[in-house]
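Quick mapping for you: the protein sequence lines, in order, are chains A and B.
Counting from 1, position 229 in the first sequence corresponds to residue 229 in the numbering used here; the numbering is continuous, with no gaps.
Counting from 1, position 146 in the second sequence corresponds to residue 146 in the numbering used here; the numbering is continuous, with no gaps.
Glycine included, each C-beta is placed from N, C-alpha and C at the ideal position.
Here the structure is a predicted model, which means the values were calculated and not measured.
To start, the structure under review is shown below, and the notes come after it.
There are 2 protein chains.
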Amino acid sequence: MAEKVTIATVARHARVSRQTVSNVLNAPHIVREETRQRVQDAISLLGYRANQAARQMRTGRSRLIAARIEPTRDGINGSVLDRFLHGLTETADAAGYRVLLYTATDDEREVATYDDLLGTYELDAFVLVGTKYGDPRTAWLADRDVPFVTFGRPWDALDAHPWVDVDGAAGTAQATRHLLATGHRRIAFLGWPVGSGVGDDRRAGWHDALSAAGVDPAGLHRETEDGVAEGQRLMRDLLTTVAPTAVVCASDSLALGALQAIRDVEPPVSVIGFDDTPVAAAIGLASVSQPLGEAAARCVDLLTGVLDGNHQTPTHVLLQPTLALRHTA
Amino acid sequence: MAEKVTIATVARHARVSRQTVSNVLNAPHIVREETRQRVQDAISLLGYRANQAARQMRTGRSRLIAARIEPTRDGINGSVLDRFLHGLTETADAAGYRVLLYTATDDEREVATYDDLLGTYELDAFVLVGTKYGDPRTAWLADRDVPFVTFGRPWDALDAHPWVDVDGAAGTAQATRHLLATGHRRIAFLGWPVGSGVGDDRRAGWHDALSAAGVDPAGLHRETEDGVAEGQRLMRDLLTTVAPTAVVCASDSLALGALQAIRDVEPPVSVIGFDDTPVAAAIGLASVSQPLGEAAARCVDLLTGVLDGNHQTPTHVLLQPTLALRHTA
DNA sequence: TCCAGAAACTTGAACGATCCAATCCTGCCG
DNA sequence: CGGCAGGATTGGATCGTTCAAGTTTCTGGA
């Protein structure tokens, strides 16, 4: 077992001082090219890797980003987080950061966890997924000047902090326009109760697209909590009242329920979901697809911008979703 | 902004030395109760938290466990990883460890990532999900005496390293027995090609349960790569050849395909999937459910056992799945 | 009362990196 | 050819903790 390779080992090997090795790593421009090369050679020869703990102790920065992993809420939409996390890990890696997971059962405990993570691990930043109106977590973090980004707009105060989001309204509008283009007129919407920012946004896209095409959206929408059973129930209701020929849904769960409700209806009713979950892909459900990898990448961009002191970087990013067309549309 | 609270601050406040504070934290039994209490009071009063970087530099242990997050392979089964990770984070947390994510596109890069993670972050252990025959990753880790646990048996050498797994054969056997008990005799099996440990195991459970009941399993099974379309194709084939009245599947993806194939068949064919993914719950598909939270917890148990030097702890854990009965069964 | 031995506590050093201030070159100009 | 500016390089101090070794305090038996 070879003994541990430290900066001193490299320095000795390249016949320079520790500081010069450190400079090669952290400020290459102040080292003469020839020396730099010699040090680099020694580094790769010895397989040297800077010890993160030692570096952190001196600089106070851990190069660690925290992300919460949730207890698979609804279930069907769980994979959204999954894919987002994967993108986050990948991009963070490229930027020299690592992703640390944490959980918390409620907001209060979550804030206590922040305190712990910051105190013991000196985390550099947080990524929050899905914030609510007047979220205590963002307030806490902002109070303490802890860098953080949310995936999801703070609907009450758009300039409160950096965020990345996907334009849900644009997604449902695109879905609606597609249905209009294929000849549908009575296009319904299955969504969430008024008051959730995300839900209202998605409904607005459908509403405006219909209006723009000269169709009156009145009476063509239903609201409920998310879930397959709920979607099925509301779709049955729609069928017996307004008899739509197509429906746009705020989630794949609702869309799945809708699909079950229309199973034997002739002529077939078109259905478009939201999130393009694996389930949608598996059963051929058309769905609005969020660019999750891209969203994760932009989160990391914003964070590194803040961490490296580039305050001129834009602090809000709104991404456009795409429509994954499958046979249900 | 109050200045940083270190072990020295606490020591001064409790009128003891740094080392005594350290002992209160790491070896409470060698400190007099009265002193211990005084130090504890100072700690909570000042809100002191041991700096992980400094501790790590001295001890060489990071209290960090690495887990890989995969790029949502098939998709439908992706949420398994999701739930496992959540459990892992929760249990690790309770044991004083944190979970760090990493990705890698192929095995070679993954091993390089190990090297990096170990070198710069001094990770304490790895959790691998799903290993293959002669996996290069486990060999690499074992060579270097890096503690690790796999979720999934090493089918070629059961004693090679600590592992946690779910008894897939028991799961399919249970599913098969349930179908037998409800009067089915021609119970088919949709599985994966011979040669994958997991797939062979799940098929064996079905095979043995049928044989034990005096039913000849010959000709009643089909093999293919995982996927909804494949499941549908093979189920159609089964229907036209052996006309089973029920089918047990090696995954929910296959089961979903089977469901589509039997949509209009009368009398209805019973279907049972595997993994109890959110999709199964959503559409009412009966499925064998893996205790993922429990599995994650046992992984952490095994790791902490190794890390804390308790070599007498069992190094293999085989958990029993349960059958989630829904209307397709 | 005294002393040995154990228990409780204290002190200095070290982990491996970066920061700071001081020193050493090197080339260039007068 | 000496001096000087400027950048390249060096050694020492430091971050917060734990280890190893030393010192003081306590306990109980003669």
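Please confirm whether residue i and residue j have their CB atoms less than 8 Å apart.
i                     : j                     : result
residue 146 (chain B) : residue 118 (chain B) : yes
residue 50 (chain A)  : residue 14 (chain A)  : no
residue 151 (chain A) : residue 295 (chain A) : yes
residue 160 (chain A) : residue 182 (chain A) : no
residue 62 (chain A)  : residue 124 (chain A) : yes
residue 168 (chain B) : residue 201 (chain B) : yes
residue 9 (chain A)   : residue 64 (chain A)  : no
residue 244 (chain B) : residue 269 (chain B) : yes
residue 131 (chain A) : residue 162 (chain A) : no
residue 323 (chain A) : residue 174 (chain A) : yes
residue 52 (chain B)  : residue 113 (chain A) : no
residue 293 (chain A) : residue 250 (chain A) : no
residue 391 (chain B) : residue 95 (chain B)  : This structure cannot settle anything about residue 391 (chain B), because the visible part of chain B is limited to 1 through 329.
residue 273 (chain B) : residue 280 (chain B) : yes
residue 157 (chain A) : residue 238 (chain A) : no
residue 107 (chain A) : residue 71 (chain A)  : no
Roughly how many angstroms lie between the CA atoms of residue i and residue j, to the nearest whole one?
i                     : j                     : result
residue 355 (chain B) : residue 5 (chain B)   : Summary: the structure shown does not reach residue 355 (chain B), with chain B confined to residues 1 through 329, and so no result is reported for it.
residue 90 (chain A)  : residue 283 (chain A) : 29 Å
residue 286 (chain B) : residue 39 (chain B)  : 56 Å
residue 54 (chain B)  : residue 25 (chain B)  : 14 Å
residue 300 (chain A) : residue 122 (chain A) : 18 Å
residue 99 (chain A)  : residue 166 (chain B) : 28 Å
residue 28 (chain A)  : residue 36 (chain A)  : 7 Å
residue 291 (chain B) : residue 66 (chain A)  : 26 Å
residue 241 (chain A) : residue 278 (chain B) : 31 Å
residue 101 (chain A) : residue 97 (chain B)  : 11 Å
residue 185 (chain A) : residue 172 (chain A) : 15 Å
residue 57 (chain A)  : residue 104 (chain B) : 28 Å
residue 216 (chain B) : residue 210 (chain B) : 7 Å
residue 213 (chain A) : residue 221 (chain A) : 17 Å
residue 321 (chain B) : residue 229 (chain A) : 26 Å
residue 288 (chain B) : residue 17 (chain B)  : 57 Å
residue 308 (chain A) : residue 149 (chain A) : 15 Å
residue 328 (chain B) : residue 235 (chain B) : 15 Å
residue 34 (chain B)  : residue 110 (chain B) : 50 Å
residue 142 (chain B) : residue 306 (chain B) : 13 Å
residue 318 (chain B) : residue 180 (chain B) : 25 Å
residue 23 (chain B)  : residue 79 (chain A)  : 45 Å
residue 76 (chain B)  : residue 252 (chain B) : At residue 76 (chain B) the pLDDT is 48, less than 50, meaning the model places this residue with poor confidence; the figure from the coordinates comes in the next sentence. Each residue's alpha carbon lies about 8 Å from the other.
residue 261 (chain A) : residue 203 (chain A) : 21 Å
State yes or no: is the C-beta of residue i nearer than 7 Å to some heavy atom of the ligand COA?
i                    : result
residue 49 (chain A) : By its list of ligands, the structure shown contains no ligand whatsoever, and the ligand COA lies outside what it can speak to.
What whole-angstrom Cβ distance do residue i and residue j have, given they're in contact under 8 Å?
i                     : j                     : result
residue 246 (chain B) : residue 231 (chain B) : Between residue 231 (chain B) and residue 246 (chain B) the Cβ distance is about 15 Å, and since that is not below 8 Å, they are no contact.
residue 81 (chain A)  : residue 82 (chain B)  : 7 Å
residue 170 (chain B) : residue 134 (chain B) : The Cβ separation is near 26 Å, so there is no contact.
residue 315 (chain B) : residue 248 (chain B) : That belief does not hold up - the Cβ atoms of residue 315 (chain B) and residue 248 (chain B) are roughly 31 Å apart, past 8 Å.
residue 207 (chain A) : residue 69 (chain B)  : Wrong, their Cβ atoms sit about 37 Å apart, outside the cutoff.
Checking contacts by CB at 8 Å: is residue i closer than that to chain B?
i                     : result
residue 114 (chain A) : no
residue 86 (chain A)  : yes
residue 253 (chain A) : yes
residue 326 (chain A) : no
residue 120 (chain A) : yes
residue 187 (chain A) : no
residue 137 (chain A) : no
residue 283 (chain A) : yes
residue 298 (chain A) : no
residue 247 (chain A) : no
residue 79 (chain A)  : yes
residue 125 (chain A) : no
Counting only C-beta atoms, is residue i closer than 8 Å to chain A at any point?
i                     : result
residue 224 (chain B) : no
residue 53 (chain B)  : yes
residue 133 (chain B) : no
residue 110 (chain B) : no
residue 89 (chain B)  : yes
residue 50 (chain B)  : yes
residue 101 (chain B) : yes
### Entirely enclosed beta strand (DSSP E) segments - the stretch 263 to 314 of chain A, minimum 3 residues
270 to 274, 286 to 289
### Task
Identify every run of the alpha helix (DSSP H) within the stretch 86 to 119 of chain B, keeping only runs that are complete inside it and at least 4 residues long; order them along the chain.
107 to 116
### Query
Can you list the beta strand (DSSP E) stretches of 3 or more residues lying completely in the stretch 190 to 269 of chain B, in chain order?
221 to 223, 246 to 249
### Message
If we require 4 or more residues per run, which alpha helix (DSSP H) segments fall completely within the stretch 7 to 83 of chain B?
### Response
7 to 14, 18 to 26, 33 to 46, 52 to 59
### Message
Just to confirm the assignment: which complete alpha helix (DSSP H) runs, minimum length 4, are found wholly within the stretch 168 to 192 of chain B?
### Response
168 to 181
### Any beta strand (DSSP E) of 3 or more consecutive residues that is wholly inside the stretch 136 to 172 of chain A
148 to 151, 163 to 166
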